[in-house]
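Residue numbers (the numbering used here), protein chains in the order written: chain A, 1 to 210; chain B, 1 to 416; chain C, 1 to 993; chain D, 1 to 91.
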Amino acid sequence: MAETATLWAPRSAWAGIAQAGQIGAAGPAGVTATLLDGFGLATLIAAPGGAPALSQAVEGRLGIALPATPKIVSGVSHDAIWSGPDQWLLRAATRDGFSGLLEALSAQAAVSDQSDARAAMRLSGPRVREVLAKGVMLDLHPAAFAVGDTALTSVAYIGVHLWRLADGPDGSVFEIMVARSMVGSFWSWFAASAAEFGCQVSIDRSTGRG
Amino acid sequence: MRYSIFSLLSQALQGHKGWTPAWRDPAPKPEYDVIIIGGGGHGLATAHYLASRHGISNVAVLEKGYLGSGNVGRNTTIIRSNYLLPGNTPFYELSMKLWEGLEQDLNYNAMVSQRGVLNLYHSDAQRDAFARRGNAMRLAGVDAELLGTDQVRAMLPYLDFDNARFPIHGGLLQRRGGSARHDAVAWGFARAADSRGVDMIQNCEVTGITMAGGRAVGVETSRGPIRAKKIAMAVAGNSSRVAAMAGMRLPIETHVLQAFVSEGLKPLIDGVVTFGAGHFYISQSDKGGLVFGGDIDGYNSYAQRGNLPVIEDVMESAMALWPGLGRVRMLRHWGGVMDMSMDGSPIIDTTPVEGFYLNAGWCYGGFKATPASGFCFAHLIATGQPHKVATAYRLDRFATGRVIDEKGAGAQPNLH
Amino acid sequence: MSTQPFRLASGGLIDRGQQLDFSFDGASYRGYAGDTLASALLANGVRLVGRSFKYHRPRGILSAGPEEPNALVELRSGARREPNTRATVVELFGGLTAASQNRWPSLAFDLLSINGLVSPALVAGFYYKTFMWPASFWEKLYEPLIRRAAGLGRAAGTEDPDHYEKAFAFCDLLVIGGGPAGLSAALAAGRSGARVILCDEDFRLGGRLLAEKREIGGKPASEWLAATLAELASLPEVRIMPRTTVFGLYDHGIYGAVERVADHLPQPPAHLPRQRGWRIQAKRAILAAGALERPIVFAGNDRPGVMLAGAVRSYVNRHGVLPGRETVLFTAGDDGWRTARDIAAAGGKVAAIVDSRPADPARKALADKLGARLFAGGAVMGARGGRQLNGVTIRDASGAVSELSCDLLAVSNGWNPTLHLTSHQNGKPAWDDGLQCFVPGTVPAGLAVAGSAAGRLTLAQALEDGARLGSEAAVETGFATKLAEPVPATDPETNGLSPVWRVSGGRGKAFVDYQNDVTDKDVELAAREGFRPVEHLKRYTTLGMATDQGKTSNLSGLAIMAEQTGRTIPQTGTTTFRPPYTPVAIGALAGHHRGKDFRPIRLAPTHDWSKEQGAVFVEAGQWLRAQYYPRPGEADWLTTVNREVKAVRAGVGLCDVSTLGKIDIQGADAAEFLERVYINGWKALPIGKARYGLMLREDGFVMDDGTTSRLGETHFLMTTTTANAGKVMQHLEFCHQVLWPELDIRMVSVSEQWAQVAIAGPKARETLRGVVDAEYDLSNEAFPYLAARPVTVGGGIPARLFRISFSGELAYELAVPADYGDAMMRALMQAGAPLGITPYGTEALGVMRIEKGHVAGNELNGQTTARDLGLGRMVSSKKDFIGRLMAGRQALVEQDRPAFVGFKPVEPGQRLRAGAHFIGIGKPAAMEHDEGYMTSVAYSPHLDHWMGLGLIRGGAARIGERVRAYDPVRNGDIVVEICSPVFVDPEGARLHG
Amino acid sequence: MRITCPHCGARDAQEFSYLGAADLQRPEGMAASEAAMADYVYQRDNPAGVHRELWYHGAGCHAWLVVTRDTRSHAITAVEVAKARKAGAAA
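See the structure below:
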């Protein structure tokens, strides 16, 4: 069995794409990128008229209601992220027990596991908005995109899902998810865009949450 | 006055005081044998061929603005006959042959220049599709050569062969393709038609079609009513609007296509090159400007202007194809409105309205078709029968399934 | 190194402590930080800067801004060479190199100036009247000569070494122009807290304030400027963007802008782009772009040394350069007198002032004070000199003509509002008879125009407009403005003007459009030949078509046409401008998207494994897929592919198929939905089974195919082709949301979640046995052909197993979560090692599907129907579905439509080519004998000859017949036999094994 | 252009793809005629003026939208969710 376990080691979407370290300009990094791994992710789609029931079911289990507008709602270990009308992404900090949760929710929703389908990263630092402005066609000013807001959009012809997680003294914290197959091209855009300010890259293998 | 080097030199000696207007500026007569709605390239060509080939010169061309104010003066000037389908190939080849003799026919130098049109391909499947097209051209008597990467590299060493997202595998070359000076085409046809007595009436907008007994018998215009035995429309971009005056709906949407020109540069590129992994084509005018364009903006529009996403797409394709263009500056961009038909091919046909003739649906390929379109439309108007190379351009082909869909894109105009 | 003989001893907004060395045409010069290339050249006494387009006339510097038609240079060298660069807007940097253009062999001695001698023949449109005989000489002789002579500068052509990027910005108010109007507007709005972006094309903010000696609030304007800039800098929501040109106005308040990040440096610093293309979304915008001064048309008005009067003030006041020793001023209004005053104040000599207006005592007194002769009611008829101006011919009010020597002629004829952006959405400017200029007419929604750009030409008006419109914009976007502070007073100014469009009677050419060498005579000729509409005038003479887009020429041309045709200027036409306002580098609008970054690349989860295996990759839409896996010693790709195919047919192979689209479809109506989008039936498909499906477009032609599996009563998994995944998803969403929203359908793409691999060959089951967890029975009985069920692998990892086959072999597709894709390949390789498992790529996949007669992309080309492809029997007649009716149209069911069959060479050694057309044997190669074409070909190692699929008239009824496969573009013309499209195992025994 | 998606808010038109006229009724069912279907598939009003048209928010929420836009000025006066037209209460 040990041999099997080694053979069947999972490989992150980021593997071979990005490494920890500083990219671009030297000196204090204007932006910090944390590559996220190991989270659970699933699409939930409510049946016609079934959104309230689904939201109740999720709230009952996880303590978070499903947002009816493009928001992310965070609980202790899970986030509910609006991803379309009557559709959400449910993100779990770890994959432990995730499939059981999905199984349980499948009575109220069409559930599709997407845990391996996206690469995600968290961005922060004083220049983070300037980096994002080089590709994100949305107004990310706090007056237009507040903490908890989320958006499905595209960057450099790559579909992304992003949200503002927090505002802090060192700038805002955003998370951004892209389709796994395109993460190489996404990283090429990101690295070129962040180079001007210097970017500190780290990898968080344990969890999808900060 | 006949144009030649001799008339030019003799006028030069007298301060060019003796030149006369290229065409008259007549007031509309109450009645004509034929009214052509639209003083663009196709309408003017139709008038010329009606007068010169069919002896019908009691003709008025009605133009709402100035002659050549539509797409004939807004396009990227490419001429070619590299079509795939049998409904198209002979028609465009007739057009090419007419281009080849145009200056002598019109006594006007429209600068028809056969410096070649090269369509690049970037995959084996695209090569096979181009081979199919090239072979179809050869079967129709059109010149076509399938080139490999090395041959393309020898012709165009500046292109991105080494770091491209979609590497160049070769190209389909039509050496007889090339370009022509677009305005001069309109002016040449206008002057030639005028010299045979056709009335070119500018600032004359058609506002209605007059019907009598189910037949079109005249037009209402901003300069008063005019009667005619036959009424023919060649108003690409606005076909649906004019056809609606005769109570018809068409299988056409109007879309905007943008075009671009760079600052004048010393010669960089000889012929026309099209990128096969995006929407982009480029050539260089005799004045030195790089003339280029890409895809239509993709939404219905009569606004004759487009937006940044397509502009950027064109520039990205330019850089992807030829990274040496980075510092070349785009000088102007503009838009023209296109008749995008449901299968990407034109219509030259009679209509359910007797006496009313339709020439429409040219998509963004109307310029190259100008001479043959006029030639075949004149034939249809004069004889009542379609010209043999234009028999496929029927209005009822959508109902019968005889569509002419070069791209295989289906009934969605913005994909053609 | 020169001593800058024309530099004033003091003054100007230059940093005399920072000397910058540069070169022009190989000669070295020195300027200062704050110079433009033009001001530095003038400081060094360089007058001759370029040659004109057609006649190769010597040209100098006309202006001090973006309207410059003459002083165009090639800036930098090598791959960074930038042709047609206006010296008047190039910010000087140390080490700058520039060269004149359009001259040979040298600027001073240009052989093509001989064109001037034959110029009588080279009038507007001359080329339309000649070069027609003989026809073949056009391409061979005439046109190459014209092409060589045409154009201006030389582009490098080679790859641009700098990089570019894009950026997106959003604001409440975009202010275009950083002069007094723009700064006032930004300040008024900025103080309210509104988000303001102010862009100015110049590297220094201030606009005309930098060039004029003016007072605001009783103090020098420079103090107001400094205070305003300081306050703007202190406002957190105000962003000032110098060196940024707003070049175009697009729909819904989107503005295009280019920021020249590093053009003022020898090279972009590390990690910085050369330029950045901006898309700015503004709720409101204020155009405060100022105005452009107008020249006058007279003989010799292009001599180096003839300069716009306002430009002279720029050089004197901003750059500390006096561009001439002896100045004559030719003015049609009050504004020009400022130039005389400022030159005198700087210690220069004004020899004469020619004012076209009648005598006026106050002006006489001022002229006397300046020590200048005054020609009231006079005109400059001509300017003399070759490479440099050396005198003018003046006609006084009485008609008497006199000659005066000078080396600088300052020309003032009033200003044209810089209203370009207002006409980018087809807006027509309106003629203002009082101001004698076009002012903004219809202005796009959300845009307001302030100051000179609106024809409000005084400084007081600029400040007033800016403050008012800035505060209005703030209010309109939801910000409360504080009580407006009073607009500060300015020193008095008058703007009397009586414009002079042309002075006749001089000797030599009088230029309307300098850059395109269009003269007043050309305009007259256009009028004579009937090219009277303004667009005909432009197109026939090329007036306004040069790199300056007629900024200095359009109005003069219109005025002369008006005079020729006895109409007013507005009756003659209007000047309109197309974007961009000034030319924009292609690179800036492409940004990051070039080379490999042109478009995203999609990589399968197994990509790195394939790379490790030595795969050669091929573009498949956005994806890179493993095409084949060459091994050392294999001569060519065909050897490799043959090996891969044989290995699969004899043993087992594996091939990534993760790129296929995968759509999860759930909901009570999922089966009903599939019935409507596919041509075949789905309701009876049992759970745990897969079925091949074909979908049409509504026009009846085939859209896509793939297998769809029923995972549950209300749960299906659809697969699409790699190329059409996105298109199919959009189509299904259309069908659901637009056509049948009443159906309970819940769809999401799961393409990215699953890594999927095909395991094919007689030993596929044995291989899988070593990978799929033991509790799953894989026997033929338990897991038959078309079974589709969840399994686990690696001791509990969830997976899906499908028994489907593209190769015709016993085959499966195994899908695991993408994180395990790499591991899956390794596990399969390990399990299959004893069985000789072989990775194969898309080429071998293609060979095997052709051997089996399966259709793929080459057949699903959008021009084929199900019937054409031999799939007509799949069509259900019991239900409605997308495309049903249109597929039944008369022309699509005709017997002689080309239909799908196989082909094999009659001579077994002969190679087939896709794209070849079929011609009956003995028939001439002509279109009327064209019977169809070859869609796909491959070499079959199984059959040991080439085979093909294709469409031919009559189709299967002609099996056994021979035809020509005609491929002239590759010199191919061989005889082929029509055969069944299934070349291998027609009974399907292997499949079910 | 900017299109205000009722779900996602104002977005660059680049996020959407265009289909065409929004108010065409597909002839449904086995009884529909070929002529009616050909009319639905091919014939268009193509007005110069106000046009109701379908756009797909492919880079966003995947909703099909009915956009009311003037084809002469590109001015947009309304955006609705296509699904809501028929589904009504169900959605």
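We put the CB at the ideal spot given by N, CA and C, even for glycine.
Annotated three-state conformation of Leu322 of chain C is coil, per DSSP.
Among the residues facing chain C, Arg2 of chain D is included, as its CB has a counterpart in that chain under 8 Å away. If you check each beta-carbon in the region 386-414 of chain B against every beta-carbon of chain D, the ones closer than 8 Å belong to Phe398, Ala399, Ala411, Gln412, Pro413 and Asn414. Within the same chain, Gly761, Lys763, Leu835 and Gly836 come within 6 Å of Gly651 of chain C by CB-CB distance, once the 5 residues on both sides are set aside. The region 189-201 of chain B and the region 348-358 of chain B do not touch, with fewer than 3 CB-CB distances between them shorter than 8 Å.
Here Asp251 of chain C is buried. Its C-beta has 16 or more other C-beta atoms within 10 Å.
Under the Cβ criterion (8 Å, minimum of three pairs), the region 284-302 of chain C counts as touching the region 495-510 of chain C. At the C-beta level, Asp170 of chain A and Gly125 of chain A come within 8 Å of one another. Sequence-distant Cβ neighbours of Asp405 of chain B in its own chain, meaning closer than 7 Å and more than five residues away, are Asp343 and Gly344. With contacts defined as CB atoms closer than 8 Å, Leu558 of chain C and Thr572 of chain C qualify as a contacting pair. Comparing alpha carbon positions, the residue from C:Lys538, C:Ile560 and C:Thr565 closest to Thr576 of chain C is C:Lys538. A straight line joining the alpha-carbon of Gly289 of chain B with that of Asp270 of chain B spans about 12 Å.
Below the 8 Å Cβ cutoff, chain D contributes Gln14, Glu15 and Ala59 as neighbours of Ser154 of chain A, in chain order. Those residues of the region 54-81 of chain D placed with their C-beta closer than 7 Å to a C-beta in chain A are Ala59, Gly60, Cys61, His62 and Ala63, ordered along the chain. Relative to the Cα of Ser356 of chain C, the nearest Cα in the group C:Leu404, C:Thr659 and C:Gly496 belongs to C:Gly496. Only residues of its own chain outside the window of five on either side were considered, and among them Ala63, Leu65, Val79, Glu80 and Val81 have a CB closer than 8 Å to the CB of Pro6 of chain D, listed in chain order.
The Cβ of Gln151 of chain B sits no closer than 8 Å to any Cβ of chain C.
In this structure, Ala191 of chain A sits near Ile23 of chain A, with a CB-CB distance shorter than 8 Å.
Shown in chain order are the members of the region 128-154 of chain A whose Cβ falls below 7 Å from a Cβ of chain D: Met137, Ala151, Leu152, Thr153 and Ser154.
For the C-beta of Tyr364 of chain B, not a single chain D residue is nearer than 8 Å; the gap to the nearest is close to 16 Å.
Under the Cβ criterion of 8 Å, Arg11 of chain D is counted among the residues facing chain A. Of all residues in the region 161-185 of chain A, the ones placed with a Cβ closer than 7 Å to any Cβ belonging to chain C are Ala179, Arg180, Ser181, Met182, Gly184 and Ser185, in chain order. The C-beta of Ala48 of chain D comes no closer than 8 Å to any C-beta of chain C. Between Gly84 of chain A and Cys61 of chain D, the beta carbon gap of about 4 Å places them in contact (Cβ cut-off 8 Å).
For Ser402 of chain C, the pairing in a beta bridge is given by DSSP as C:Ile394.
According to the DSSP assignment, Gln18 of chain C belongs to the beta strand (DSSP E) that extends over Asp15 to Phe24. With a 10 Å radius around the Cβ and a threshold of 16 neighbouring Cβ atoms, Pro70 of chain A comes out buried.
Where Asp162 of chain B is concerned, there is no enclosing beta strand (DSSP E), because DSSP gives it neither an H nor an E. Contact between Lys388 of chain B and Tyr92 of chain B is ruled out by a C-beta separation of about 14 Å, above the 8 Å threshold. For Arg249 of chain B, the residues of chain D that pass the 9 Å Cβ criterion are Asp39, Gln43, Arg44, Asp45 and Asn46, in the order they occur in the chain. Residue contact with chain B for Thr565 of chain C: absent (no Cβ-Cβ distance below 8 Å to any residue of chain B). Taking the Cα positions, Gln564 of chain C is about 31 Å away from Leu408 of chain C. Val518 of chain C and Leu543 of chain C do touch by the CB rule: their CB atoms are close to 5 Å apart, below 8 Å. Given a length threshold of 3 residues, each whole run of the beta strand (DSSP E) inside the region 445-472 of chain C is given here in chain order: 447-449.
Residues of chain D whose Cβ lies closer than 7 Å to the Cβ of His252 of chain C are, in chain order, Met1 and Arg2. By the neighbour-count criterion, in which a residue is buried when 16 or more other Cβ atoms sit within 10 angstroms of its Cβ, Thr77 of chain D is exposed.
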